[in-house]
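Residue numbers (the numbering used here): 909 to 1366. The C-beta atom is built at its ideal place from N, Cα and C for all residues, glycine as well. Quick caveat, the model's predicted, so the values are computed rather than measured.
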Amino acid sequence: MYIKEYLEYSKNYDFIEGFEDFGHYGRTNKSANCVMMFMAQGLFSPWQFPVAYFLAHSEVKHKLLKDLIIDILTELFKNGLCLLMTVFYETMLTLDVNKMSTEKKHFLAQQIRYYEEGCSFEKDNMTVAAFSDITKTYEIGKNNIKSKSLLKITEAHTYPSSFQKMRVKLAVQFFSHTMASTIRTCIETDELKSQTAKNTADFVDFINKLFDCLNSKTLYSLNPYNCGLSDSGITQTITGILSFFEDAKSINNEVSFILTNRLNQDVLENLFSIMRQKGGYNKNPTARTIRTSFRSICIFSLCTSKGANCENDIENTDYQTTEEVSILLEGKQINNIENNENDQSSDTNSECSVNDTDISVPEDLNTISVTLEDYSVTYFAGYLAFKCIKKFNCEYCKGELIIEKDLNDKNQMLIINKNYSSFNTGLKAPTEMLNSIIDTILNIFEKNFDNVKHKKKS
């Protein structure tokens, strides 16, 4: 983490803070502009703790870096910890560590980010995926008024600044399952006619699945790619992680899965965010601020900042299943808990005062060509139906609000594309009546909102 080059006198320690400082290896006359932080994190239990930090000016020499790492590892081993993997925050640091020895490195993980606009991927001199397909899809979704499928995508995602390109959150939202589903839906509506559009959707979907594979937090999940790593629970991953998994099992026979979220560098990102918020927002802390923040964090534990770049890395549960799924270990099946809730619903049907003849539906509704916006309205209607059924647990409402998903129904294309492997669970398809009601409501809202919205006084 970069810090402000600033010299300050410490009365308590009687020395000037802000110079390069490598502990018992000594100090230099160079002013420090970055902090090299070492942190330990549990792989099979949710704990983490900052171990040590050193002040440096740009890059650290290989020999000194090697000595520092050996000292840190020695202290960890003395305290009974078993090191299984190292994760480095920056690629250049990883390359420096690789130069330390000619021996073959095992289980050396690194986090590499590559976020470039205007690029394309080619194979055998043929373009198989293009960035322009994603930006075109964003422009199509941005022009939708009634309902949008890409709610989280903004100009910062498609045309990022130099600082925004380093934000993991933007990159993950950009290469997401929602983006891939929207691209496929635009292909179905003929709004996206690029020859590489389908390949681009597959590429985005692959990146999303790969990220999910290496970011698992629970053993079971409705998203099959976000489960804990196990012999049968993953189909796509990286060879190094698989090799590491085999090595971990050989050390401990009780290991049957690995939560790959603990193999990334988010824990360091969140630690830096905590340090910057100590004493108010401080984007560029000094050496003294780092020292006091480090001491405070070690004493009062880690309290994650709400505005952190990465999601919270301390889990509330350990290896437990989420509330949304139930597990049948003998059959090795995962079923949606909604099925159990529906079986326990009341036998008495609720009375409904809404009559089908009372609903006014535009006559030309079916004559309009189907667009991404129409698919988004259907998706939104299905979401509202799901929330109503979950809240009221009414069988009559279920029959009136949702229908079975149908691959031949084009209005359900976005719902089908966004659903995971299990076709009968997850997202719900609304009835034609509910879809018409929601579409009419959104049309009325669109026409009247400008007249009633609050306007600033000039």
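What's the call for His932, buried or exposed, on a 16-neighbour Cβ count within 10 Å?
exposed
On the three-state DSSP scale, how would you describe Lys969?
Reduced to three states, the DSSP call for Lys969 is coil.
Checking 7 Å against the spacing of the C-beta atoms, do Ser1084 and Asn1116 come in under that value?
yes
On the DSSP bridge list, what partners appear for Gln1320?
According to DSSP, Gln1320 bridges with nothing at all.
Give the straight-line distance between the Cα atoms of Asn1052 and Tyr1291, rounded to the nearest whole angstrom.
Rounded to whole angstroms, Asn1052 to Tyr1291 spans 18 Å at the Cα level.
Between the alpha carbons of Leu951 and Glu1177, how many angstroms are there, rounded?
18 Å
Among Ala960, Ala1079, Lys1363, Ala1289, which residue has its Cα nearest to the Cα of Ile980?
Ala960
Secondary structure at Phe923, three-state DSSP: helix, strand or coil?
strand
Please report the Cβ distance between Thr1093 and Leu1280, rounded to the nearest whole angstrom; I am assuming they are in contact, meaning their Cβ atoms lie under 8 Å.
6 Å
Would you identify the three-state DSSP class for Ala940, choosing helix, strand or coil?
coil
Taking 7 Å as the threshold (C-beta atoms), are Glu1099 and Ile1048 in contact?
yes
Leaving out five residues before and five after Asp1204 in sequence, what residues of the same chain have Cβ atoms less than 8 Å from its Cβ?
Note on identity: in this sequence residue 1204 is Ser, with Asp being the wrong assignment. Correct list, in chain order: Lys1186.
What is the C-beta distance between Gln956 and Met947, in whole angstroms, given that I count them as a contact (C-beta under 8 Å)?
Yes, they are in contact, since the Cβ atoms of Gln956 and Met947 sit about 7 Å apart, within 8 Å.
What does DSSP give as the partner residue(s) for Asp929 in the beta ladder?
Arg935, Leu963
Candidates Gln1072, Gln1081, Ser1040, Ala1038: which alpha carbon is nearest Ser1058's?
Checking the sequence shown, residue 1058 turns out to be Leu, not Ser. For Leu1058, the nearest C-alpha among the options comes from Gln1081.
I'd like to confirm the pairing. Which residues does DSSP put opposite Tyr910 in its beta bridges?
Beta-bridge pairing links Tyr910 to Cys942.
With 7 Å set as the bound, which would you pick, yes or no: does the beta-carbon of Ile978 sit closer than that to a beta-carbon of chain D?
Within the model displayed, chain D is absent; a lone protein chain is all it includes.
Quick one: what's got a C-beta closer than 7 Å to Glu1354's C-beta in the same chain, skipping five residues either side?
Ile1053, Lys1054
Based on Cα-Cα distance, which residue from Thr1197, Thr1066, Ala1289 lies nearest to Tyr1046?
Thr1066
Could you tell me the distance, in whole angstroms, from the CA atom of Cys1305 to the CA atom of Lys1295?
11 Å
Can the beta-carbon of Met1321 be found closer than 7 Å to that of Tyr1287?
no
Just mark Glu1162 as buried or exposed, buried being the case when its beta carbon has 16 or more other beta carbons within 10 Å.
With a 10 Å radius around the Cβ and a threshold of 16 neighbouring Cβ atoms, Glu1162 comes out exposed.
In whole angstroms, what is the alpha-carbon distance linking Asn1248 and Ala1079?
Reliability of the predicted coordinates at Asn1248 is poor, the pLDDT of 43 falling under 50, and the value obtained from them is presented with this limitation in mind. Distance between the alpha carbons of Asn1248 and Ala1079 is about 37 Å.
Taking the alpha-carbon of Val995 as reference, which of Ala1105, Glu1063, Leu1171 has the nearest alpha-carbon?
Leu1171
Between Lys1056 and Ile911, what straight-line distance do the alpha-carbon atoms span, to the nearest angstrom?
41 Å
From the DSSP output, in three-state form, read off Tyr1287 for me.
helix
Taking Val1437 as the reference, which of Glu1303, Ser1040, Ser1164, Pro1068 has the closest Cα?
A query on residue 1437 cannot be resolved here, the shown segment of the chain reaching from 909 to 1366 and no further.
Thinking C-alpha only, which one of Val1285, Asn1356, Lys1365 is nearest Met1341?
Val1285
The beta strand (DSSP E) with Ser918 in it runs from where to where?
916-918
Are Tyr917 and Gly926 close, meaning C-beta to C-beta below 7 Å?
no
The alpha helix (DSSP H) with Gln1185 in it runs from where to where?
1174-1185
Report the rounded CA-to-CA distance for Phe1180 versus Ser966, giving the unit in angstroms.
17 Å
May I ask you to report which of helix, strand or coil DSSP gives Phe1152?
If DSSP states are grouped into helix, strand and coil, Phe1152 belongs with the helices.
Could you compute how far the alpha carbon of Asn1257 sits from the alpha carbon of Gly1307?
Per-residue confidence for Asn1257 stands at a pLDDT of 43, beneath the threshold of 50, marking its modelled position as unreliable; the derived number appears in the next sentence. If I take the Cα positions, the gap works out to 10 Å.
For Cys1121, does the count of other Cβ atoms within 10 angstroms reach 16, so buried, or fall short, so exposed?
buried
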